[in-house]
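Colleague:
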Amino acid sequence: MTTDTTQSAPVRFDTKIAVILREDLETWQRLNVTAFLVSGLGTQDPEVIGEPYADADGTPYLPMFRQPVMVFEGTKEAVTAAHGRALSRALPRAVFTSDLFATGNDRDNRAAVRAVPGDQLDLVGVAVYGPRNAVDKVMKGARMHP
56 MTTDTTQSAP
66 VRFDTKIAVI
76 LREDLETWQR
86 LNVTAFLVSG
96 LGTQDPEVIG
106 EPYADADGTP
116 YLPMFRQPVM
126 VFEGTKEAVT
136 AAHGRALSRA
146 LPRAVFTSDL
156 FATGNDRDNR
166 AAVRAVPGDQ
176 LDLVGVAVYG
186 PRNAVDKVMK
196 GARMHP
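All residue numbers for the sequence shown refer to the working numbering, where the first residue is 56 and numbers rise by one.
So this is what it looks like as structure tokens:
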């Protein structure tokens, strides 16, 4: 009898998904912003999505990310710096600005972001995906979310 060690070996990813949130957000805002931010990553980079799920009864469930999402927090300046580093490394990214708390739909969200120059966005969160080392550099100075 042989055992399949590939099934029990730890999985290490050469990529990372990370979100940085502004530390002054309310709990509901943190959850909402995180959900919105990560929703965009799989649309541009389908390799971040794993296989569909099914329970023992055969009930199907949607696929999810194939790897953990690391959530960080920092000051407004730390979020802005992370955004700039993500841009300079051309990493896939999503942004959430404070203006989006006042909108109620995707069209208005996009219009709110489009109305502000990139260096003036009032960022409350940024999500990035890419090579581990590059994402680690983007998140430099941020701390893990408690």
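We put the CB at the ideal spot given by N, CA and C, even for glycine.
#1: Under 7 Å between the Cβ atoms of Tyr-108 and Pro-147?
#2: Would you list the one or two residues that DSSP bridges to Arg-148?
#3: Helix, strand or coil: how does DSSP classify Glu-81 here?
#4: Counting only the same chain and skipping the five closest in sequence on each side, list residues whose C-beta sits under 6 Å from that of Met-125.
#5: Verify whether the separation of the beta carbon atoms of Leu-92 and Phe-151 is less than 7 Å.
#6: Can you give the Cα-Cα distance for Thr-70 and Ala-141, rounded to whole angstroms?
#7: In chain order, what residues of the same chain lie with their CB nearer than 8 Å to the CB of Glu-132, ignoring the 5 residues before and after it?
#8: Would the beta-carbon of Glu-106 fall within 7 Å of that of Pro-118?
#9: By Cβ distance, which residues of its chain are closer than 8 Å to Gln-84, with the 5 residues on each side in sequence left out?
Modeller: Taking the coordinates as given:
#1: The beta carbons of Tyr-108 and Pro-147 sit no closer together than 7 Å.
#2: Partner residues in the beta bridge of Arg-148, as assigned by DSSP, are Val-183.
#3: Glu-81: coil per DSSP, three-state reduction.
#4: If the five residues before and after Met-125 are omitted, its C-beta is found closer than 6 Å to the C-beta atoms of Ala-73, all from its own chain and listed in chain order.
#5: Contact annotation: Leu-92 and Phe-151 have beta-carbon atoms nearer than 7 Å.
#6: If I take the Cα positions, the gap works out to 14 Å.
#7: Apart from the 5 residues on each side of it in sequence, Glu-132 has no Cβ closer than 8 Å to any other Cβ in its chain.
#8: Contact flag set, yes.
#9: Within its own chain, the residues whose Cβ lies closer than 8 Å to the Cβ of Gln-84, once the five positions on either side in sequence are excluded, are Phe-156, Val-179, listed in chain order.
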